[in-house]
Each structure stands twice: as C-alpha cells, then as structure tokens.
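Remarks on the structure that follows.
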Amino acid sequence: MFTYTLRRLFFAIPTLLVISFVIFALLDLAPSDPTGDLPLTIPPEVREQIRASLGLDQPFLIRYLKWLQQFFINEPLNILESLTGWQFGDGERMRILSWATRSPVVDLIVQRMPQTLWVVGLAYLFGILLAVPIGVISAYKQYSIFDQIGTFVSMVGYSVPTFFTGVLLIVIFSSYLQWFPSVYDTNLVVNDFSSLMAQIRQMAMPVAVLALYNASQITRFVRASMLDNLHQDYVRTARAKGVKEKAVLLVHVLRNSLIPVVTVIALGVPTIFSGAIITEQIFRVNGLGQLLIVAVQGADIPLVQTLTFIFAVLIVLFNLIADVLYGILDPRIRYD
Amino acid sequence: MKKFKILLAGTVACMALSSSMAYAERGTDGDLKILFWQAVSTMNPYLSGGTKEVFASSMVIEPLARYDETGELVPWLVTELPTLENGGFSEDMLSLTWKLKPDLKWSDGTDFTAEDVVFTWKYCTDPNGGCAQAAQYEGITNVEAVDPLTVKITFSEAKPYPYSAFVGAQSPVIQAAQFKDCLGAAAPGCTSANFGPIGTGPFVVKDFKPNDVITFEANPNYRDPAKPAFASATLKGGGDAASAARAVLETGEYDYAWNAQVEPEVLAAMMAAGKGRLEISFGTQVERINLNHFNADPALGDKRSTAEAGPHPSLSDPAVRRALSLAIDRDIIVEAGYGQSGRPTCNIVPAPETVASTKNDSWCLTQDIEAANKLLDEAGWERGSDGIREKDGVRLSYLYATSTNSVRQATQELVKAMWAEIGVDAELRNASASVFFGGDPASPDTFQKFYADVEMYTNNFDGTDPEKYLAEWLCDKMPSPANGWQGQNIPRYCNPEYDALVGELSRTADLEKRAELSKQLNDMLTEEGAHIALVHRGDQSSFANSLQGVRMNSWDSQVWNIADWYRAK
Chain A
1 MFTYTLRRLF FAIPTLLVIS FVIFALLDLA PSDPTGDLPL TIPPEVREQI
51 RASLGLDQPF LIRYLKWLQQ FFINEPLNIL ESLTGWQFGD GERMRILSWA
101 TRSPVVDLIV QRMPQTLWVV GLAYLFGILL AVPIGVISAY KQYSIFDQIG
151 TFVSMVGYSV PTFFTGVLLI VIFSSYLQWF PSVYDTNLVV NDFSSLMAQI
201 RQMAMPVAVL ALYNASQITR FVRASMLDNL HQDYVRTARA KGVKEKAVLL
251 VHVLRNSLIP VVTVIALGVP TIFSGAIITE QIFRVNGLGQ LLIVAVQGAD
301 IPLVQTLTFI FAVLIVLFNL IADVLYGILD PRIRYD
Chain B
337 MKKFKILLAG TVACMALSSS MAYAERGTDG DLKILFWQAV STMNPYLSGG
387 TKEVFASSMV IEPLARYDET GELVPWLVTE LPTLENGGFS EDMLSLTWKL
437 KPDLKWSDGT DFTAEDVVFT WKYCTDPNGG CAQAAQYEGI TNVEAVDPLT
487 VKITFSEAKP YPYSAFVGAQ SPVIQAAQFK DCLGAAAPGC TSANFGPIGT
537 GPFVVKDFKP NDVITFEANP NYRDPAKPAF ASATLKGGGD AASAARAVLE
587 TGEYDYAWNA QVEPEVLAAM MAAGKGRLEI SFGTQVERIN LNHFNADPAL
637 GDKRSTAEAG PHPSLSDPAV RRALSLAIDR DIIVEAGYGQ SGRPTCNIVP
687 APETVASTKN DSWCLTQDIE AANKLLDEAG WERGSDGIRE KDGVRLSYLY
737 ATSTNSVRQA TQELVKAMWA EIGVDAELRN ASASVFFGGD PASPDTFQKF
787 YADVEMYTNN FDGTDPEKYL AEWLCDKMPS PANGWQGQNI PRYCNPEYDA
837 LVGELSRTAD LEKRAELSKQ LNDMLTEEGA HIALVHRGDQ SSFANSLQGV
887 RMNSWDSQVW NIADWYRAK
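Line by line, the protein sequences are chains A and B. When the count follows the working numbering, it moves up by one through the first sequence with no breaks and lands on 336 for the last residue. When the count follows the working numbering, it moves up by one through the second sequence with no breaks and lands on 905 for the last residue.
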C-alpha cells in the first residue's frame, strides 16, 4: 500500500507539469485581453504600454518558465519564511502578481479561503449528513411514500440550477420576509452572540442552496448502493442467523454500502475549494469561486493559472486519497 | 407690516440655516453602504483604468479641478481655474499655472504641496509604469513647482484646450511621500500604497479586500471640518446589476448601487417597494452602429476590412448608408432597452449642450421606411425573389456584430426587423465583451479588426471637450495590419475635408468657435454615414430615499461630491 502510494505520488509530478503547461497554453491562446475591460477612452498606445508593464510582450515560453519558478520556488519559500521566520537569500523574490489587483495571488487566495470553506464546506458537510440517512431509509423502504418524496426532492434539487434556487430564496427570504440579508458580509467578525447570529443568518441561504444540491447528488448514490447490498446473500444469512434488523441494516449493509459513497465524497472535496462560482456570485460571498470568475472575465492570467493549477493539484491528490481509502475500507482490494 | 415681513423672512432664513447646521457635522450619519456589482480591484486609478477603480478611488484622492453635474469645470484643490483672462493660461497657449489652496492637508496630516502634483506627473509618465491614464498627460513637457502652492505645466505645442492633466477623477494627485519608491517597474509591487492611497478626499481607506469589500473612514484632516456627514463607508463588490439594484430599491440593505444597467420593466417592479429612487445623468456615451467602409467579405481572408480589400460593395453607396439610418426607429430601441437612461440621437457628440448639434434631427430622428425604400429604389437596388435587394450580384445582406449583452442582442433583433422592411438582411453575431473589446491582434472577433459589415457598441470621451474624440475619424487613424490593428477610426471613414477641419479645431482657442467646428465635424460624420448613431446613453444608479445631497454626474466620478451626501432624518 505504501509503495503504491509513493508510486502514485511520483507519477503525479509529470502529470501536474503537463497540466500546468496545458492550462498556461490554453490561457495564452484564449482571445481575451487584460485591457479589454478598460473604457474605450484609453487609447491603444496606452494599452500597449500597460500590456508591456504586465510582461505580456515577452515570449510564451519565458512567461511559462517564470511562472513555474514563481509558483514552485518563490511562493513556497515565502510561505516557509513567514511560517518559520527564517530568511532565505535577500527575501526579494518575484511573487506571482495578479494583473487586476497587482497584488500577490497567494495573498488573495488566503484572503478568500475562510468564506469559501465556511459556506461551501459547511454546505458539503450538511449535504452528507442529510444524504446518508435519507438514502438509507429510502433504500430500506423502497417505493414507500418517504422514498417517493425523497426521490422527488432529490431530483428537483439535482436538476434545478443553483442560480434559480438562489434567487428564489432571495426573493422569498430577503425581499418579501426580510429574514436574511441578500449580501454576504465578509468583514463580519464573530466575537459575541449577536455577531454569531448575524453570521448564521447570512450563511443560511447560500448554505441551504448548496446543501440541497449536494444532498440530492449523494442521496442517489447512498440509495443505489444500499439497494445493491440489501439483496446480497450475506444479508439473508445475517437475518437467518437471527441478527436484529437494526444491526443488519446499520452494521452489515450500511458499512458495505458506504464504500463507493466515501469514494464519491472524497472525489467531491476539491470542488469545495474551487468554490461554488454561481452561488458565491449570487449571494456575493466573494470566495474562491468568485475570485476565479472575476479573474477569467478580466483575463487576469496569473490568477486564473494559479487557481486552476491549485485545483488540479487538489483533484489529483483527492483521487489518490479516494483510491487509498477504498483499499482501507475494503480489505479485499489490494494494489500491491 | 413690511418690517414684520422682513423679520419673518429673517427668522425663516435663520431657521433654515440652523437646521442645515444641525446635520452639518462630521461623522453623525453613521455608515454609508455602497454596492458596486463589479468589484474594485485596486485603489490606484493609474494602475487600472477601469471605471469602478476610478470611482472608488475618487472618494480618497482628488484632482486639482473637476467637472460638476452640468459639465462645468470647478476648482477643487485650487483657488481658481486658470484661464486666458486671469493669466493662469498663457497667451501662447504653452503653459498653465495652477494655484493650490493654502493649508490643504493630506489625510496623514502632512501638507499638500506643489511637489506632490509634480510627482504625480512623473509617476504616470514613467515609461515602465504602464500608467493607464497616460493619455491625460499627453503633450506635457514639464510640470514644475514654482513655489509650494504654484504648479506650472508646460506643453510641447500650443494647446487650445489645456484642461486634462489633474482634471477629473481620472487624474487625481497622489502623495509623493507615499509613492516615492513606486515609480516605473516598481509600481505594482507597492501593494499597500496601491490599496490604501493617502489622499485629500473626504474618506480614507481603513481596510481593502481586493475584488471584495473596502472599508472607509471619514478623513480626520478633511478641509471642511463639517464634512463628510458619514462616519464611515463600506463599498461591497460583486454580483450582477439586477441584484445590486434590488439591494437598494427592494430590500433596502444598501444606500447606493452604482450602474443600474437593468431592463426598464425589471427596475419598475423593484421601485414598487418604495425604498429607493433612480438618478440618471447624461454624459457623452453614444451607442452606434459602425458601417464598414471597406470590403469585409470573408473570401478576402486577411485583407478583409483593409484598404487592400477595396471599398465595401454596397455600404460605400451613400444612398444605402442613409437608408439604413432612416429605417431605424430609435424610440423603440430606447423604450425596449434603455428606458429613462437613453435618448434617441443622431449625433456622435451628443453633449455638452454647447457642442451638441441639432442640424440632422429633422430627417434622422424619425423612422421613415418609405423614404428609405425610395432612396434604395432610386439607387438601383432592386428586391430579389426573397425580398432582399440586390444590384449587379451584390446583395444587401450584412454581418452585424456586437458584444454579448442582453440589451445589445435585443437591439440587434429590432434593427434586423426594421432593416427587413427595406429589403436588407442581417446576420446577427455577438462575441464576449472581453474578446470584442480585447484588441488581441490574433483574434478575428475584435471590434478593431471589424471583420463584419456593421458593428455596434458604445464609446464616449472624457471631459467636455470633443477635440481628441473627433480626431479619431482621421484617415491615418484607421486600424490595419501595418499598425497592429491599433487605431480608433473603426469605420475606416476617410475624408480630406474632415481632416482639414480637425486641424483647424486643434488650432482654435476661442470656445464658441471650437463649439461651432465641433458641430460641423459631428454633422459631417452623420450626413456622410460614417456610422449610425442610435442612443445617447445615460448613467443610471439607484439610491436609497434617505440618502440626500447626491448630484449625479456623468462628467466625473459619480461620487464626486460624496462629502456633501447625508442621511435625511
């Protein structure tokens, strides 16, 4: 298992390098321009100067190698410096600068992380907590009213886009009932009961929208997996031995059913970090998803490049984790 | 009795004064909540020319003079406007002398001096800095501090209209002490200065989260001790125009939402909640359809839309150009897409009033299908079996390009239907705004390349003087492969008479004469069909009913007088 993990990690390096090159090339080929959003009153000569000051006048390969150096050497050294207080060299390293804000990309990402993890991460957690019991009951009482309603709700949650449910919730709870704010305040500091309540109120709607979406997806997996296992021979054997129905369901069936579900959940974790682009935009949560979409629209290539690459790393990493987890949960599976 | 009346009037005046004094105290009106649906990336307008950055930074840093809501220049950090009459503007039109207000302080308490103004010029004109507002400093050879309160600007050649540098929200003065190590290539590295410039304005930046939210506090050293009325301001960014308008008009969570670019009927529904109002002002933005004067046939490949391709087979016919304009009902376009924030226009220079021509309004502003048909009939364009006109194998069928935007696509549909009535076909196409306006020479979809027969977008000019803008239609400003598709004469219009008249405008100092020439130039473009001007677009923002003192301005930043804003009690 250990050598397998090491081998996988080793193979991840060329994969990631190829990914970073493909992302960079794609962004370079895309016909968007960092000065494209500027007012037309800014004349072409000035735009040319702006592009030159961003380093866009350099050849593609040089820009790519510079980015590699900044991402793999300069930024890790900077993080190490700020964590340990040690000084490497003179500390004057070229960092990856966003073109729109002209500030270090890593600082932007660090600034956006809390709200994304709070909102999207919490929604993912709630989604799982809701999905597992609903999926189990739905499968155990297949075609019951509970199952029918559960199936209906999850189909609705899965097929109705978040930009619809989000705006619907705003119209009902912000405009009409005025219970929750429609704009997320990223400056809110939770330090007493009332600010905690404010935080809960402003998180309620985005978390609800995303939790519904996540729960719908995972419920279907849990239900299908449970149904697969409920009709297995070992379940009949357990019942024939006189094992209590609760133990049959929760110990024998659920445990076996969760193996594929855990994989699905693990593979879904990177999507937490990539944020929920649409939902963040609707509620102005301004997390990583919003950062990415604004960067894409503004052709802020260093920011898009860095963000998408970090997502790629997370996806590769969680794929590995899912595979390893699979092996741990199901002893029949051996990689070596 | 008369005495009593005077007494009464005096009392009323006193009461009015005292009640205005009641709220005229700094920081008594709490927090001002502002929503920009495009988030602000930096507070340094010299590093980002975007409107959102210019507006947000104008709460903190200020120019020497600025435009009020009528387009009049008002002295801001100076005692008076330098003119030929008061001698501030030299007779040879080669130098301009600004006299700074005495005792002005930066928000950190240090003195605001002429050295800061000189530094600002150096900062923006550094060749390695990539300053987005460099055009404001064009033609300036030197800026010097004659004494701590006097700044002298020297121009390379006579400049009949000298108010560009340090005028308007685009070229504010930054503090030399703060930015001294940020010249040229070092500019982007000064993150803390770029995010929190020290200014002379009513607010100072307390916290800046790029592309998210800015927290401001009242400037303790602001020159008017009674202002601003708000103790702090929060500027949140992100989302979309409709939900931003909703947060002010319907839920009342915010006081001011910039740029309510939303369909009129959607806004009307939000207004029904009675919490806010819309303020509209008109600047110089005109939505126009450019008519390609060169052949844009795809068969020509890379020669498309260049002089090599030759004149356009049908659009080079003046009758066709005029008929296309006559067929359009501008009122319907305004009503469907712009509501109160648009007015039908036939001018490319629609404002200020002194330079706005009315000469062509009589024939151009009203739709006349009959006259358009007659023109085309006379010119020999005959309807084919499918109802589309043609002559010598050339069909009046056009590729109609624009940027992706719901109002633009609706306008495209309307224009297509109107043109169908005169036997003209249009194939509609749209490209993402970042591509269309992106100017990437490798992309075939940019508005500069103009690989289409007609294309639609909005443009405007800074300030109130149209000289530089009208010079965009000069023959040598055509984009072409030779100049890397740089050049602002997008329709490829070329008329030596026009060029000569622009030359005359650049030598004329008399304001009335300048206005007259500007009108003539504008009329020439309309009459010869360089383009079809459609809509004079206004700026529209939503404000909470309780927010007072707003003077909506299209000539400068919308928050230009934010120091005077207050909350009605």
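Think of the CB as a built atom: it goes at the ideal place given N, C-alpha and C, for glycine as much as any other residue.
Pairing B:Gly612 with B:Phe879 gives a Cβ-Cβ distance under 7 angstroms. In the DSSP annotation of this structure, the continuous segment of the beta strand (DSSP E) that includes B:Thr486 starts and ends at 486-491. The beta-carbon separation of B:Pro688 and B:Gly874, rounded to 14 angstroms, does not stay under the 8 angstroms limit for a contact. DSSP places A:Trp118 in the helix class (H, G or I) of the three-state scheme. Under the three-state reduction of DSSP output, B:Lys710 falls in the helix class. Under the three-state reduction of DSSP, A:Phe273 is assigned to helix.
By the Cβ test, the stretch 754-765 of chain B is in contact with the stretch 717-729 of chain B, since at least three Cβ pairs between them sit closer than 8 angstroms. Non-local C-beta neighbours of A:Ile301 in its own chain, meaning closer than 6 angstroms and more than five positions away in sequence, comprise Leu27, ordered along the chain. With a 10 Å radius around the Cβ and a threshold of 16 neighbouring Cβ atoms, B:Thr694 comes out exposed. Taking 8 angstroms as the Cβ-Cβ cut-off, the stretch 582-610 of chain B approaches chain A at Arg582, Ala583, Glu586, Thr587, Glu589, Tyr590, Ala609, given in chain order. Rounded to whole angstroms, the separation of the alpha carbons of B:Trp809 and B:Asn557 is 46 angstroms. Taking all protein chains shown into account, B:Asp812 has fewer than 16 neighbouring C-beta atoms within 10 Å of its C-beta and is therefore exposed.
B:Asn530 places its beta carbon less than 7 angstroms from that of B:Thr378.
Cβ atoms of B:Arg679 and B:His872 come within 8 angstroms of each other, at about 4 angstroms. Excluding residues up to 5 positions away in sequence, Ala375, Lys572, Gly573, Gly574 lie with their Cβ nearer than 8 angstroms to the Cβ of B:Asp548 in the same chain. Per DSSP, B:Gln784 is not a residue of any alpha helix (DSSP H), being assigned neither H nor E.
Of the residues assessed, B:Asn380 falls on the buried side of the cut-off, its CB having 16 or more other CB atoms within 10 angstroms.
Taking 7 angstroms as the cut-off, the Cβ atoms of B:Val691 and B:Ala851 count as close. Under the three-state reduction of DSSP, B:Tyr592 is assigned to strand.
Distance between B:Thr862 and B:Leu841, taken at the CA atoms: about 18 angstroms. A straight-line Cα-Cα distance of about 15 angstroms links B:Leu371 and B:Val598.
At a cut-off of 7 angstroms between C-beta atoms, A:Gly166 does not count as an interface residue with respect to chain B.
In the DSSP assignment, B:Leu409 falls within the unbroken beta strand (DSSP E) covering 409-411. Beta-carbon to beta-carbon, B:Gln506 and B:Gln472 are separated by about 6 angstroms, close enough to satisfy the 8 angstroms threshold. Contacts with chain A at 7 angstroms (Cβ-Cβ) do not include B:Pro654.
Residue contact with chain A for B:Val691: absent (no Cβ-Cβ distance below 7 angstroms to any residue of chain A). It is roughly 11 angstroms from the alpha-carbon of B:Arg640 to the alpha-carbon of B:His629. Beyond the five residues adjoining it in sequence on each side, A:Gln70 comes within less than 7 angstroms, by CB distance, of Met94, Arg95, Ile96 in the same chain, given in chain order. For B:Thr527, the nearest CB of chain A lies under 7 angstroms from its own CB, placing it at the interface with that chain.
Residue pairing for B:Asp367: DSSP places it in a beta bridge opposite B:Ser568. Linking A:Lys241 to A:Ala247 through their CA atoms gives a straight-line distance of about 12 angstroms.
Taking the beta carbon of B:Leu383 as reference, the chain A residues within 7 angstroms of it are Arg102, listed in sequence order. The Cβ atoms of B:Ala663 and B:Trp755 sit closer than 7 angstroms to each other. Interface criterion not met: the Cβ of A:Leu77 is under 7 angstroms from no Cβ in chain B. In the three-state reduction of the DSSP assignment, B:Pro832 falls in the helix class.
B:Val509 sits close to B:Val453, with the two beta carbons spaced by under 7 angstroms.
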